[in-house]
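A short worksheet on the structure shown next.
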Amino acid sequence: MSHLAMPAPDARILAERDRIVADLRRLVGEAAVIADEDGRRAFEADALTAYHAMPLAVVLPQSTAEVAACLKYCSGHGIKVIPRGAGTSLCGGALPAEDAVVIGVSRMNRILEIDYDNRIARVETGITNLAISSAVAKEGFFYAPDPSSQLACTLAGNIAMNSGGAHCLKYGVTTNNVLGFKMVLMNGEILEVGGAHLDAAGYDLAALVIGSEGQLGIVTEATVRILKAAEGARPMLLGFGSSEAAGACVAAIIGAGIVPVAIEFMDKPAIHVCDDFAKAGYPRDVEAMLIVEVEGSDEEIDSLLARVREIAEAFDPKTVRISQSAEESAAIWKGRKSAFGAMGQISDYYCMDGVIPLSRLPEVLTEIGRICDTYGLRVANIFHAGDGNLHPLILYNANDPDELEKAEACGADILKLCVEVGGCLTGEHGVGIEKRDLMRTQYTDTDLVQQMRLKTVFDPQWLLNPAKVFPLDGREGARETGEADARDAARAA
């Protein structure tokens, strides 16, 4: 599709592929470089599978030093680099380019240190979220961010996109749970940012890097917060006669000053698909459902659930059911965590990721339905309702190019709606290529130039994760301005 076009590959780099592969193998060893077509094909796309490209080569280093050596080499030869974790990005954030080397951190998955007294863990960023929690569970701790892909997604990708998950309502997203990290710049220089303490001195570089989508460097190690698990937790199901009523109930719960661990929303199509898959016992005669989970002691849980139930009564719930066992709770969450995979069994879908103010939730849900009807497409809504992070799944036929174009146009209108009501383009999936050309919907040209100047400071040649995040038109002018800024700063120093 034209609005997601990628620049033409550099013919010079393509012609030198054999030499580049041989040089990389000398740096990191034969086994760490994938150059055959079948091997590279496994890395030609991320979870935005409508778009793919065969990378020049794939390197899977096993240490920060190897990452630094590869980046220094690529920088010196003007070779583009695509950082990659597990490839679960839904916005094309890890989409390769034909003239680029993919550098993946999946083999860097060790736990380097666990300090229970100070409640931190130091890990390599190829580790999965779930593996961190599993490693500390025996001492009653956990790592909070829990995207639906937590079984597979790596910390590296979470840092790139500032991922959240169902429980980020109470515990925050990745930027609230990463205290420090080691990052390799494009020139091979290794930076250490933050550390084991809560607040680092000086500029907040962690906040700049987390969510920067691999535009500034490759993060290879991180120090994360581990939290003491609550005494207990219990979810309840609330079923409503309309999506609008469910949305209004969410706003009322948060407005009452209650902060559950999670509030998840599903509409009728999502309820049926997820219940068929997980046998979770979801109410099938309602138009929308909320999963509201609270935690604490038994007395605290009972009190909070009673307050939530009382608030919900004002919106005429058709179903109110509180989990009565650990098995029932696990089934309820299995349905939600399996939602995207379950939906994929019945239809191709285009997953959106916008954020809105909670007070606008009822009207936005109505408008999303109207937008999709206009394009003649069905939609299933599954999202983190507590923080207004929407995930409409636009259903379409991936084998029909016209339907893909309609789905993308429909998704763009939904994201524009999110911005119009006071929200933003992305909550946790990132911009990647999917929202790249919508950035001007949210930012002025001045805003974008400032962001691109920062990119140039860290990556003067613009070799890291090219053609992502920033609109393609006007990038060269901003890059030239940033390079001039860098030269002026160097002269001043």
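Counted the way the numbering used here counts, the sequence shown spans residues 0 to 492.
Don't be surprised by glycine CBs; every beta carbon is placed ideally from N, CA and C.
For P268, the CB contacts under 6 Å within the same chain, skipping 5 residues up- and downstream, are A379 in chain order. The alpha helix (DSSP H) runs lying completely inside the stretch 146 to 199 and spanning 4 residues or more are 154 to 160, 167 to 170, given in chain order. Boundaries of the beta strand (DSSP E) harbouring D347: 347 to 350, taken from the DSSP string. For S328, the number of other beta carbons within 10 angstroms of its own is at least 16, and it is reported as buried. Here the alpha carbons of M160 and E188 stand approximately 22 Å from one another. Between E312 and G201, the alpha-carbon positions lie close to 49 Å from each other.
Per DSSP, reduced to three states, the secondary structure at G429 is coil, with no helix or strand assignment. Taking L463 as reference, the option from R121, V218, D37, V172 with the minimal CA-CA separation is V218. In the DSSP assignment, P361 falls within the alpha helix (DSSP H) that extends over 360 to 373.
Annotated as distal: Y115 and A143, with beta-carbon spacing of 9 Å or more.
In this structure, the CA atom of V285 is about 9 Å from the CA atom of I270. A Cβ-Cβ distance of about 13 Å is found for the pair T425 and K415, leaving them out of contact under the 8 Å criterion. Here T63 carries a helix assignment [DSSP, helix/strand/coil].
Contact annotation: the stretch 339 to 358 touches the stretch 378 to 398, with at least three C-beta pairs closer than 8 Å. With a cutoff of 9 Å on beta-carbon distance, G295 and A250 are scored as not near each other. Under the DSSP assignment, K79 falls in the beta strand (DSSP E) whose first and last residues are 79 to 83.
Here DSSP, grouped into helix, strand and coil, assigns A134 to helix.
The C-alpha of R233 lies about 15 Å from the C-alpha of Y281. Annotation for M438: L424, V430, L447, V468, F469, P470 place their beta carbon closer than 8 Å to its own, counting only its chain and skipping 5 residues before and after.
Separation of the CB atoms of Y374 and K405 is rounded to 5 Å, and the pair is thereby assigned contact status at 8 Å. Your pair D9 and D145 does not check out as a contact, with CB atoms roughly 40 Å apart and the cut at 8 Å. Contact between G194 and L178 is confirmed by a C-beta separation of about 7 Å, below the 8 Å threshold. Counting only runs of 3 or more residues that sit fully inside the stretch 381 to 459, the beta strand (DSSP E) segments are 391 to 395, in chain order. For I300, the enclosing alpha helix (DSSP H) starts and ends at 297 to 311. For the pair of segments examined, the stretch 83 to 94 was found to touch the stretch 41 to 52: the number of CB pairs separated by less than 8 Å reaches three. Of the candidates P82, A255, N117, M265, A255 places its Cα closest to the Cα of I310.
Residue environment: V258 is assigned as exposed (fewer than 16 neighbouring CB atoms within 10 Å of its CB, all protein chains considered). Assignment of R40 by DSSP, reduced to helix, strand and coil, places it in the helix class. Within the model, the alpha-carbon separation for Q61 versus G86 is close to 18 Å. With respect to the C-alpha of Q344, the residue from E112, D275, G139 having the closest C-alpha is D275. The residue from V100, F264, I253, F457 with its alpha-carbon nearest to that of D17 is V100.
Setting aside the 5 residues that flank it on each side, A287 is surrounded in the same chain by F239, S242, A245, D266, each with a C-beta closer than 6 Å to its C-beta; the list follows chain order. For I253, the enclosing alpha helix (DSSP H) stretches over residues 242 to 254.
Straight-line spacing of the CA atoms in N157 and G163 works out to 8 Å. For A120, the enclosing beta strand (DSSP E) has its first and last residue at 119 to 123.
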